[in-house]
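K.L.:
Take 2 as the starting number for the first sequence in this note's numbering and just add one per residue.
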Amino acid sequence: MGTPEFAVPSLEALLRSNDQVVGVVSQPDRPKGRGHQLVAPPVKRVAERAGIPILQPLKIRTQEFLQALSAWQPDLIAVAAYGRILHTPILRLPRMGCVNVHGSLLPKYRGAAPVQWAVINGETETGITTMLMDEGMDTGPMLLQEKLEILPDDTAGTLAPRLAELGGRLLVDTIARLKAGTLTPQRQDDGQATLAPLLRKEDGLIDWTMNATSLANRVRGLSPWPGAYTFFGVERWNIWKAIAHGGATTEKPGTIVTLNKQAMLVATGDGLLDIREIQTANAKRMSVSQFLAGHRVAAGGQLGSSMA
RNA sequence: CGCGGGGUGGAGCAGCCUGGUAGCUCGUUGGGCUCAUAACCCAAAGGUCAGAGGUUCAAAUCCUCUCCCCGCAA
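1. Please identify the residue among L12, L107, K45, R178 whose C-alpha is closest to the C-alpha of K148.
2. Do three or more CB pairs link the stretch 125-132 to the stretch 222-241 at distances below 8 Å?
3. Which residue spans inside the stretch 100-145 form an unbroken alpha helix (DSSP H) run of at least 4?
4. I need the boundaries of the beta strand (DSSP E) containing Q38, first residue and last residue.
5. Going by DSSP in three states, P254 sits in which element: helix, strand or coil?
6. Beta-carbon within less than 8 Å of H88's beta-carbon, same chain only, minus the 5 sequence neighbours each way: which residues are those?
7. Which residues in the same chain as G52 place their Cβ atom closer than 8 Å to its Cβ, once the five residues preceding and following it in sequence are excluded?
8. Can you tell me the Cα-Cα spacing of R170 and A14, whole angstroms?
9. When we look at the beta-carbon of A243 and count the other beta-carbons within 10 Å, is it buried (16 or more) or exposed?
10. Within 8 Å, do at least three Cβ pairs link the stretch 150-162 to the stretch 206-218?
11. Using only the alpha-carbon positions, how far apart do M308 and F7 sit?
12. Please list the terminal residues of the continuous alpha helix (DSSP H) segment that includes N283.
13. Just to check my reading of the structure: L199 and A82 have Cβ atoms closer than 8 Å, yes? What is that Cβ distance to the nearest angstrom?
14. Got a sec? Which residues, its chain only, sit under 8 Å from M134 by beta carbon, not counting five neighbours each side?
15. What are the boundary residues of the alpha helix (DSSP H) that includes R163?
16. From which residue to which residue does the beta strand (DSSP E) around N239 run?
17. Among residues of its own chain, excluding the 5 on either side of G123, which ones have a beta-carbon nearer than 8 Å to its beta-carbon?
18. Between T185, L145, W241, which lies nearest to L206 when the distance is taken from Cα to Cα?
19. Would you kindly work out how many angstroms separate the C-alpha atoms of R188 and R201, rounded to a whole number?
20. Suppose the cutoff is 7 Å on Cβ atoms and the five residues either side in sequence are ignored; what does the same chain contact list for G247 look like?
21. Assuming T195 and Y110 are in contact, meaning their beta carbons sit under 8 Å apart, how far apart are those beta carbons, in whole angstroms?
22. Grab the span of the alpha helix (DSSP H) containing K45 for me, first residue to last.
23. Could you give the DSSP three-state label for R201: helix, strand or coil?
24. Run the CB neighbour count on R17, radius 10 Å, all protein chains shown included, and call it buried at 16 or more, exposed below.
25. Compute the distance between the beta-carbons of Q28 and P42, then report whether it is under 8 Å.
26. Once you ignore the five residues that flank A311 on each side, which residues in its own chain have a CB closer than 6 Å to its CB?
27. Excluding the 5 residues flanking S224 on each side, which residues of the same chain have their C-beta closer than 7 Å to its C-beta?
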């Protein structure tokens with residue numbers, strides 16, 4: 002069971018493994034992009050190409066779905082970023098249980114957006130944890146865990162594929178060792194647990210009173226979705242890349258302090274944020290030097306919320 | 001039929017409403033200045049104004065269609 006790009010390597014790894022994939026469950030096709038075109042989730046596309054039966058229930062807590070699932074007679078259900086909470090009847094369906102591939106070093110970053118939050122919080126390492134699922138949100142006993150370095154330039158978008166690949170390897174490894182009986186599930190230390198809740202569009206609005214380092218990490222963690230943004234007057238600016246500079250400033254947070262052909266420095270609660278890559282409505286993302294070539298922006302300008 | 005914006009020398013933009021000499025900030029090339037420079041000064045090259053059709057004495061500009069790109073919303 003899985004839906005987005007993150008789950009694809011896991012499915013592919015299973016398809017390459019010795020185990021048989023009897024079926025794939027993915028979220029329904031959703032209207033996406035301009036024109037409201039229905040788009041199949043990435044996992045579904047891979048499954049189609051591999052000729053694997055696919056289920057895309059609108060609701061999973063139904064008798065119909067449960068019956069369809071049990072008809073496949075799965076020994077084990079592997080779950081990677083499916084996007085729904087599985088309830089007890091499903092968890093108990095497979096003989097060997099449900100194994101989840103989670104994009105963090107549990108018990109840290111339980112929840113829907115572990116990759117993003119790890120970057121937002123400026124972590125220098127994260128990883129993959131496989132676990133036996135229970136009713137809670139990523140609370141089940143852990144099976145295998147492997148670390149992965151977060152590079153200084155990593156965004157959620159560049160980190161996720163590496164984690165996903167690692168996830169695929171770890172999943173196959175986990176299943177093999179489960180079958181061999183050489184794994185001992187390990188309880189999570191709930192006291193160490195942190196949460197990584199689903200991000201919303203609003204989480205992308207930059208709060209200039211934060212310090213520059215936090216903001217730079219936030220920009221990385223929110224890329225490519227939902228994207229960090231701020232307002233210049235009524236104009237919305239998406240900030241795709243920014244670097245934190247130390248140095249005190251007496252300017253009000255959000256003030257454009259320095260402006261030349263190459264750079265735009267903005268005052269924050271602590272330090273300066275050097276905006277490197279920007280995108281305005283109707284335009285592509287571009288380097289700040291490109292942006293400044295065609296847009297008249299004066300030092301002293303205020304960035305902030307649209308209401309300000 | 002979800003809403004909207006855009007395609008103008010290599011990059012980013014203005015010009016379009018109110019048709020009439022292709023403009024700005026850079027980049028590139030050559031020259032100059034300087035101990036030196038991504039700085040400064042001078043000069044040059046580089047454009048079928050996305051494409052097709054139409055209106056007009058005249059179209060980047062007005063009308064129609066096509067292609068491509070982007071934001072919002074989901």
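Backbone N, C-alpha and C define an ideal beta-carbon position, used for all residues, glycine too. From a predicted model like this one, the values you see are computed outputs, not experimental measurements.
P.N.:
Reading from the atomic positions:
1. Translated into positions along the first sequence, residue 148 becomes position 147. Minimum Cα distance to K148 is reached at L107.
2. Touching, no, given that fewer than three Cβ pairs across the two stretches are closer than 8 Å.
3. 115-121
4. Taking the first sequence and counting its residues from 1, one reaches residue 38 at position 37. Note, Q38: beta strand (DSSP E), 38-40.
5. Taking the first sequence and counting its residues from 1, the one referred to as residue 254 is at position 253. Three-state result, P254: coil.
6. If you number the first sequence from 1, residue 88 lands on position 87. The answer, listed in chain order, is I61, R62, E136.
7. Here the question's residue 52 lines up with position 51 in the first sequence. Result list for G52: empty, nothing under 8 Å.
8. As a working note, residue 170 is residue 169 in the first sequence. As a working note, residue 14 is residue 13 in the first sequence. Each residue's alpha carbon lies about 7 Å from the other.
9. Position 242 of the first sequence holds residue 243. By the neighbour-count rule (16 or more Cβ atoms within 10 Å), A243 is buried.
10. no
11. Residue 308 sits at position 307 when you count from the first residue of the first sequence. Residue 7 sits at position 6 when you count from the first residue of the first sequence. Only weak support is given to the placement of M308: the predicted model assigns it a pLDDT of 49, under 50, and the question is left unresolved by the model.
12. Taking the first residue of the first sequence as 1, we reach residue 283 at position 282. Segment: none, N283 is in no alpha helix (DSSP H) and carries neither H nor E.
13. Residue numbering aside, residue 199 sits at position 198 when the first sequence is read from its first letter. Residue numbering aside, residue 82 sits at position 81 when the first sequence is read from its first letter. For L199 against A82, the beta-carbon gap comes to about 12 Å, at or over 8 Å, which does not count as contact.
14. By 1-based counting over the first sequence, the position of residue 134 is 133. Once the five neighbours on either side are set aside, the close Cβ partners of M134 are V80, L87, L92, G98, C99, V100, N101, G141.
15. Working through the first sequence from its first residue, we reach residue 163 at position 162. Run containing R163: 157-181, per the alpha helix (DSSP H) assignment.
16. Within the first sequence, the letter at position 238 stands for residue 239. Per DSSP, the unbroken beta strand (DSSP E) holding N239 starts and ends at 236-246.
17. Working through the first sequence from its first residue, we reach residue 123 at position 122. Around G123: T214, S215, N218.
18. Numbered from its first residue, the first sequence carries residue 206 at position 205. The option with the nearest alpha carbon to L206 is W241.
19. Reading the first sequence from its first residue, position 187 is the one you call residue 188. Reading the first sequence from its first residue, position 200 is the one you call residue 201. Each residue's Cα considered, the two are about 31 Å apart.
20. In the first sequence, residue 247 corresponds to position 246, counting from 1. Closer than 7 Å at the Cβ level, and outside the excluded window around G247, lie G272.
21. Start at 1 with the first residue of the first sequence, and residue 195 comes out as number 194. Start at 1 with the first residue of the first sequence, and residue 110 comes out as number 109. Contact flag correct, Cβ pair sits at about 6 Å.
22. As a first step, residue 45 must be located in the first sequence, where it is residue number 44. Per DSSP, K45 belongs to the alpha helix (DSSP H) from 43-51.
23. On the first sequence, residue 201 is found 200 positions in, with the first residue counted as 1. Note: R201 maps to coil in three-state DSSP.
24. Position 16 of the first sequence holds residue 17. R17 comes out exposed.
25. Taking the first sequence and counting its residues from 1, the one referred to as residue 28 is at position 27. Taking the first sequence and counting its residues from 1, the one referred to as residue 42 is at position 41. Yes, these two residues count as a Cβ contact at 8 Å.
26. Because the chain in this structure spans residues 2 to 309, residue 311 falls outside the shown range and cannot be described.
27. Taking the first sequence and counting its residues from 1, one reaches residue 224 at position 223. If we look at S224 and ignore the five residues flanking it on each side, its Cβ neighbours are T156, A157, G158, W241.
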